[in-house]
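In what follows, a structure is listed as C-alpha cells, so that the remarks can point back to it.
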Amino acid sequence: ANLPLPLLPLQILWMNLVEDGLPNFALAFEKGEKGIMKRRPLRRGEPILDRRAKVLAFTFGIVTDVTLLGIFYLFLTLTDFPLEYIRTIIFAALGTDSLMYVFSLKNLGEPIYKTNLWDNRYLVAAALIGFLMIGLAIYLPVLNLFLRTMPLKLYHIVFILVLGILKL
Numbered sequence: 413a414n415l416p417l418p419l420l421p422l423q424i425l426w427m428n429l430v431e432d433g434l435p436n437f438a439l440a441f442e443k444g445e446k447g448i449m450k451r452r453p454l455r456r457g458e459p460i461l462d463r464r465a466k467v468l469a470f471t472f473g474i475v476t477d478v479t480l481l482g483i484f485y486l487f488l489t490l491t492d493f494p495l496e497y498i499r500t501i502i503f504a505a506l507g508t509d510s511l512m513y514v515f516s517l518k519n520l521g522e523p524i525y526k527t528n529l530w531d532n533r534y535l536v537a538a539a540l541i542g543f544l545m546i547g548l549a550i551y552l553p554v555l556n557l558f559l560r561t562m563p564l565k566l567y568h569i570v571f572i573l574v575l576g577i578l579k580l
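Count along the sequence shown from 1, then add 412; that gives the number in our numbering.
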C-alpha cells in the first residue's frame with residue numbers, strides 16, 4: 413500500500429512476550445465451565461479448535477487488523493503527528509485490545525456480561541501487569557528509545573480504552 417510499517421518488529425516482539433505471554437499462561441488457571449464433564453470427549457484425531465472457534469479467531473483477527481490499519485491510515489493522512497506517535501497509538505491499541513479480549517476467552521459459550529471477569533486472580537493480575545508494561549513502554553524514556561515509542565496524550569489513551577471496550 414506504499415505506507416510505512418504500522419508497528420516495528422521490536423514492538424511486535426514486546427507485545428508477544430510481555431502483553432500476551434502472562435495472560436495466556438493465566439488462562440490455564442481458569443475454572444472449568446459448568447457442565448464440562450457432561451460433554452462428549454474429543455475423538456482421537458478430532459481438532460481441538462472446532463469450526464466455530466476457528467471462525468471466531470479469524471473474524472476477531474480480521475476485525476482487529478482492519479480497524480487498526482484504518483486508524484493508522486487516518487492518523488497518517490489526516491494529522492500532522494509524527495510517525496513514531498502514530499505507531500505508539502497502534503502499539504497501545506493492539507496491546508489493550510489483546511489484554512481486554514483475553515477476558516472474553518474465559519467462556520466462549522456465554523456472552524461476556526454473564527461471565528465473572530474477576531474470579532481468576534491470575535488473569536486479572538496478568539492483565540494489570542500487561543497494562544503496566546504498555547505504560548512503561550510508552551512513558552519510560554529508556555523504553556521510548558528502545559521501542560521507538562512516544563508518550564501519548566490523555567485523550568488518545570481514552571480513545572484506545574474505548575476501542576478496547578467496544579471490541580469486547
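Think of the CB as a built atom: it goes at the ideal place given N, C-alpha and C, for glycine as much as any other residue.
*Over the uninterrupted alpha helix (DSSP H) stretch that includes Leu-575, give me the two end residues.*
566-579
*Starting from the C-beta of Gln-423, find all residues in its chain whose C-beta is less than 6 Å away, skip the five residues before and the five after it, and write them out in chain order.*
Phe-503 and Leu-559
*Can the beta-carbon of Met-562 be found closer than 8 Å to that of Thr-500?*
yes
_Spatially closest choice to Leu-548 from Val-430, Ile-474, Ile-524 and Leu-535, by CA coordinates_ = Val-430
*Looking at the unbroken alpha helix (DSSP H) that takes in Gly-447, where does it start and where does it end?*
No alpha helix (DSSP H) contains Gly-447, which DSSP labels as neither H nor E.
*How many whole angstroms separate the CB atoms of Leu-535 and Ala-438, which I take to be in contact at a CB cut-off of 8 Å?*
4 Å
*Status (buried if at least 16 other CB within 10 Å, exposed otherwise) for Ile-550*: buried
*Leaving out the 5 sequence neighbours to the left and right, which residues in its chain are closer than 8 Å to Asn-415 when beta-carbon positions are compared?*
Strictly speaking, residue 415 in this sequence is Leu, with Asn absent from that position. The residues are Phe-484, Tyr-485 and Leu-488.
*For Asp-509, is the classification buried or exposed, using 16 other Cβ atoms within 10 angstroms of its Cβ as the cut-off for buried?*
buried
*Straight-line Cα distance separating Asn-532 from Leu-520*: 16 Å
*Is Pro-435 helix, strand or coil when you go by DSSP?*
helix
*asked:* I'd like to know whether the C-beta atoms of Leu-511 and Pro-453 end up nearer to each other than 8 Å.
replied: no
*Find out if the Cβ-Cβ distance for the pair Ala-469, Ile-572 is shorter than 8 Å.*
no
_Complete runs of the beta strand (DSSP E) confined to the segment 445-523 [at least 3 residues]_ = none
_Are the CB atoms of Met-427 and Gly-482 within a distance shorter than 8 Å?_
no
_C-beta contact flag for Lys-466 and Tyr-513 at 8 Å_ = no
*When you compare only the Cα positions, how much space is there between Leu-490 and Tyr-497?*
14 Å
*For Val-475 and Phe-493, the rounded distance between their alpha carbons*: 25 Å
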